[in-house]
Structures are given as structure tokens and as C-alpha cells.
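Let me begin by presenting the structure, written as C-alpha cells, before commenting on it.
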Amino acid sequence: MALTQSQALVSRQTTRVSTKSSKRTAKRSTTVRAAVATAGATQVPIDELKSTTLRAIRGIGYDEKDAAVILDVLMYAQLRGNNQGIIKVTTNGLAKDPEAKPMKITHESKLSAAIDGQKTQGMIVLAEATRIAHEKAKEHGFGICGTCNTFTSTGALGYYVKKVADEGMIALCFAQSPEFVAPAGAAKGIFGTNPIGVGMPSSQGSMVLDMATSAYSWFGVLEAKTAGRQLPEGAAQDKNGVMTTDPNEVVDGGAIRTFDGGYKSSNLALIIELLAGPLVGAAIDSKLTAKNWGNLIMVIDPKMLGQADFEKNAAFVMNRVKNAPKQPGVDQINLPGERGDALAKANEAAGVVDVETNLWNDLKKAAEAFSG
């Protein structure tokens, strides 16, 4: 869960286009894929990446059903250049708690539900929470579901909200995680990367915002460490609160900063910490050792407020932004998710995706653990 790397800072928007504009989009997608090609990466056939990742997930101990859910979430991110992808498999991001039990609903009303994950993997629990909130919104116009006591990451929030938006409803999702991020002015981490996902339907397709309140994702730090890369300037600090670009210093007691390093992003991170922490019954201290992380998802039917033309009007606003007069030197204005979708389409068209060579080698080793 988290801010994607600078090469893929946007999420996704599906647009209905004519054949002529489809050709332009395909050309632009190819350009995007070339622009984000990573030095030291291996081009891996998508089918091979899926099968290898699935075996690695099964090797951790997940059954076929749960492994399929996890794979779907990871591939959504991987195809978009989002570091919420397969790096989680090789960096203990999918560790299975030996005390995990089936999730259970601890509170429910016609509009709401609360899930105790009982140490179940986060993606599995949030997928179910999304389904529940969506079903309640279909019936009553609004649905909200909170989760607590999940262990390990929920992955890219865009995955969940896009499913809802593609069916004509608005989704807002918040996630809390261990103390990886320092509040403004603090020398130690207190917040998680605390992402927000928003899915907006429109008459020209869904628009999805998926961003963390941190300057970098935790798994982005681990990915940089694996690849031997430095972090962007100003994204992180060492254990003494001094700025650093060395991912090893961040892992060794340091912290990531909020996205602007100041109080605006820090305050937003705090709000998400409260919504996905105390409100849902998740840990409020020592979150890593507690293995009790929280999530909150809300689903809204626009018709609940009498807005039958919401999708048409939403598309109008999006197009106003997209087609606004550009500043000198600006080629195009991107909506949330537009560039990520273009990269995913380009990868799918090419049938391959770039994977850090070290990461790919580690993944293949992990897959060897599964003999089923």
C-alpha cells in the first residue's frame, strides 16, 4: 500500500474511445512503457510471471483460493509499475501467521460491518470487506466496512476501489500499517504509509486515485535495497532524523517522510491513521508486533443523493481538467490513473513486464519451495 515510484505515480482511468483515438492511445502506451523501462531489469513474459508468482505464494502456505486473490492484487500493481507488486512475495510481505484463523464479522447493520481478520493476510480480508460494503451500497445506497487484526499488506488500494467504480459506484478506502513514516518534525516513525484509494465512475470510464501520504512506499524502500538503488532526495531519514537516500539506513531504524515533508501531508496521514486505526479497532501502538493493522472502505451510490447524471457530469469535470490550457513545456495533463493504465495496457499488449533482475531471481527461488 503506498505511493508508487515517481515513474508510475498515477493510477488508472478506462476511457471509451474511437478506433482512431485507440491507435493514438496505443502509441502513447508504448511510449509510456519505454519511458519507465528500468535499468537492470529483466523482461518477463506475463504468463510466466503469473505462474511463478502463484507458485511462490502457494509455497508460503496459502491455499489455491486465497493465493488467487493475492496474485490478482499483486499483478494489478506490477503491470502498472507500482511497487505494491511481487516485491511483497520475496520480502516477507505475505508472511502467514501460524496463529491465523478464518476472518469473522463482529458487528453488522444494514449499512455497516466490522471484520476481525484474526491475523489473516490483509488482501484477503480487504477483498471481502470491499464485497460486503459494495453489496450494502447496492441495496441501501451506502455501505461501510472496517477491518482490524489483519497481518501484512493489503496491497494497492486502487485494485479494490476500481472494482467498485467500474460498476458505477464511488469507493473510498483507507489503510493503516506499522510505524514506517515520521510525522512532520519527528525523528521516528509513527504513521504507516497510510494510503488513500478513491474510485470515481464516469460516463467515459472509471478514474482511480491511489496514493500514499508518504513520500515513498515501504516496499519501494525494500525494492531499492534489493536493486542497490538510492532513494529520491528528501524521501526518507535515518534513525537520527537526518535526511538520507540510502535505503539500508531507512530499514535500520530510519523512517520515510510524508509526501511534502510538512504539515499538510502529515495532517492528512494523521486523519487516515485515525480512520483506519481507532475507528476500526486496529492497533494504535507497536503495530508491527501487534500484527493488528486496519482498513476502512466506504461505497456510495451517486443516486442516493438524487444525482442521476453524476457519471456524465463527472466526465465533464474530468475533461475540463484534462483539456485545460497547458503551461509552457507541458505535453499533456494526466488524470489520476491515466499513466498507470497506459503502462498496464502497453505491458499487456507486449506480453511482457519489466522486473528487477535481482527480484526476478529471488522470486524464482521462492517458487521452487512449492512442489504442488
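Each residue of the sequence shown is one higher than the last, beginning at 466 in my numbering.
Even glycine gets a Cβ: it sits at the ideal position worked out from N, Cα and C.
Values in this document were obtained by computation on a predicted structure and should not be read as measured data.
Which residue wins for smallest C-alpha separation from residue i, given the options the options?
i: ASP827; options: GLY742, ALA542, ASN557, GLU644; result: ASN557
i: LEU735; options: LEU514, GLU644, THR615, LYS553; result: GLU644
i: ALA602; options: GLN772, ARG785, LYS768, THR822; result: LYS768
i: LEU622; options: THR615, GLY816, ASP675; result: ASP675
i: GLY719; options: LYS653, ASN778, THR612; result: LYS653
i: LEU739; options: VAL716, GLY611, ALA506; result: GLY611
i: SER682; options: MET665, ARG722, GLY587; result: ARG722
i: ASN705; options: TYR728, ARG545, LYS756, ALA647; result: ALA647
i: LEU808; options: GLY524, GLU529, LEU514, TYR541; result: TYR541
i: VAL592; options: SER574, ASN547, MET665, LYS530; result: A small fix is needed here, since residue 592 is Ala in this sequence, not Val. With distances taken between Cα atoms, ALA592 lies closest to LYS530.
i: LYS628; options: GLN772, ALA594, PRO793; result: ALA594
i: ILE522; options: GLU513, SER730, LEU559; result: LEU559
i: GLU564; options: ALA755, ILE597, ILE762; result: ALA755
Which whole-angstrom value is the C-beta distance of residue i and residue j, which I expect to be below 8 Å?
i: GLY608; j: LEU576; result: 6 Å
i: MET634; j: ASP717; result: MET634 to ASP717, Cβ: 43 Å. No contact.
i: GLN549; j: PHE684; result: 6 Å
i: TYR527; j: LYS553; result: The Cβ separation is near 13 Å, so there is no contact.
i: VAL715; j: ALA701; result: 5 Å
i: ASN732; j: VAL745; result: About 20 Å separates the two Cβ atoms, so there is no contact after all.
i: VAL626; j: VAL663; result: 6 Å
Note down the Cα distance separating residue i from residue j, rounded to an integer number of angstroms.
i: ALA689; j: SER679; result: 16 Å
i: ASP819; j: ASN713; result: 24 Å
i: ARG804; j: MET783; result: 15 Å
i: ASP703; j: ALA651; result: 12 Å
i: PRO790; j: THR518; result: 44 Å
i: GLN669; j: VAL764; result: 20 Å
i: ALA832; j: ASN823; result: 14 Å
i: ASN614; j: LYS566; result: 11 Å
i: THR619; j: GLN797; result: 32 Å
i: ALA779; j: VAL673; result: 13 Å
i: LYS829; j: GLU604; result: 45 Å
i: ALA640; j: MET568; result: 18 Å
i: VAL534; j: LEU753; result: 23 Å
i: GLU776; j: ILE589; result: 30 Å
i: PHE616; j: ALA741; result: 14 Å
i: GLU813; j: ASP537; result: 14 Å
i: LEU514; j: GLU821; result: 12 Å
i: ASN659; j: LEU687; result: 17 Å
i: GLN586; j: ILE511; result: 24 Å
Comparing the C-beta of residue i with each C-beta of chain B, is any distance below 9 Å?
i: VAL663; result: Reference to chain B is not applicable here, since this structure consists of a single protein chain.
(message) If we require 3 or more residues per run, which beta strand (DSSP E) segments fall completely within the stretch 527–574?
(response) 569–573
(request) Counting only runs of 3+ residues fully inside the stretch 694–731, write out the beta strand (DSSP E) ranges in chain order. (result) 720–722
(request) Output the residue ranges of the alpha helix (DSSP H) runs that lie fully inside the stretch 743–791 and measure 4 residues or longer, sorted by chain position. (result) 752–755, 775–787
(message) In chain order, what are the residue ranges of uninterrupted beta strand (DSSP E) at least 3 long that sit wholly in the stretch 610–648?
(response) 635–640
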